[in-house]
Amino acid sequence: MEVASLTGSFRTLTVHPWDEENSTDSTYVFESSAVATYTYNENSDSVTLTKATGVTTFGLERYSLLEPSQPVLYLFQFEADTLDSEISIEATSSTETFLGSVENGLEAEDNPLSSVVKFSSISFGSTPSYSITKTDLSEEDHFVEMSQDGGTFNSYNKEKTFYFGTADSEMRYVGIVFDYYAEAMEYIYSMNLGNDVLMTLNIDEDVGFKFDWTVTL
Numbered sequence: 001m002e003v004a005s006l007t008g009s010f011r012t013l014t015v016h017p018w019d020e021e022n023s024t025d026s027t028y029v030f031e032s033s034a035v036a037t038y039t040y041n042e043n044s045d046s047v048t049l050t051k052a053t054g055v056t057t058f059g060l061e062r063y064s065l066l067e068p069s070q071p072v073l074y075l076f077q078f079e080a081d082t083l084d085s086e087i088s089i090e091a092t093s094s095t096e097t098f099l100g101s102v103e104n105g106l107e108a109e110d111n112p113l114s115s116v117v118k119f120s121s122i123s124f125g126s127t128p129s130y131s132i133t134k135t136d137l138s139e140e141d142h143f144v145e146m147s148q149d150g151g152t153f154n155s156y157n158k159e160k161t162f163y164f165g166t167a168d169s170e171m172r173y174v175g176i177v178f179d180y181y182a183e184a185m186e187y188i189y190s191m192n193l194g195n196d197v198l199m200t201l202n203i204d205e206d207v208g209f210k211f212d213w214t215v216t217l
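With my numbering, the residue at position 144 of the sequence shown is 144, and numbering never jumps.
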């Protein structure tokens with residue numbers, strides 16, 4: 001995922017896996033140790049990515065019908081004295097349309113994650129929490145809009161706002177919780193039942209998805 005800072009107040013973005021064992025029906029718990037860190041360098045106006053020792057890939061874990069929920073926390077840190085109203089986190093996908101709108105369009109690798117992801121946000125003043133009550137999160141949103149039962153594809157928007165601050169109080173952290181949008185995922189697979197990719201897939205193989213959007217702060 002590409003990250004660009006326009007204001008200079010952005011400092012780091014850390015990625016925190018889901019702690020499934022300690023999570024409950026009402027609370028997400030994420031690991032406090034980051035598996036990946038994006039760091040903004042103000043002098044060069046660039047963002048660099050470093051990964052924890054042994055980490056090769058990170059993000060959403062494997063999706064399955066038995067375990068469709070695999071949340072992950074992306075935690076944005078801003079410099080001190082940043083006001084909430086100064087924070088805007090925008091995303092623009094490089095994908096023009098929903099993967100499920102093309103029959104048998106699923107590939108073995110590099111499918112657009114924007115077609116199957118949902119997200120919600122939360123903000124913190126001075127200290128972030130890795131235990132997040134689900135009702136404290138914003139309303140879920142997605143690049144794709146499906147009918148409530150998942151049977152109909154309604155629309156796809158390649159530009160989304162992950163977070164838009166409005167308060168005049170200091171805000172140091174914004175957390176974005178990503179998870180699979182199960183209705184979209186199931187629709188895609190129903191459109192690809194005769195796809196050779198699925199027909200030839202071994203039991204231990206996965207269909208690959210990748211981040212296809214750029215985040216601008």
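Glycine included, C-beta positions come from ideal geometry on N, C-alpha and C.
- Cβ neighbours of Asp179 within its own chain (closer than 8 angstroms, five residues either side excluded): Leu60, Ser69, Gln70, Pro71, Val72, Val117, Lys118, Phe119.
- The shortest C-alpha to C-alpha distance from Gly150 to any of Met185, Ser44, Gly208, Thr82 is the one to Met185.
- Every candidate alpha helix (DSSP H) stretch fails here, since none sits fully inside the region 111 to 162 while reaching 4 residues.
- Assigned with DSSP and collapsed to three states, Asn41 falls in strand.
- Taking C-beta atoms under 8 angstroms as the contact rule, Asp168 and Leu83 qualify, at a distance of about 6 angstroms.
- In the same chain as Leu201, and ignoring 5 residues on each side of it, no C-beta atom comes closer than 6 angstroms to its own.
- For Ile203, there is no enclosing beta strand (DSSP E), as DSSP gives it neither H nor E.
- Remark: C-beta atoms of Leu75 and Gly175 approach each other more closely than 7 angstroms.
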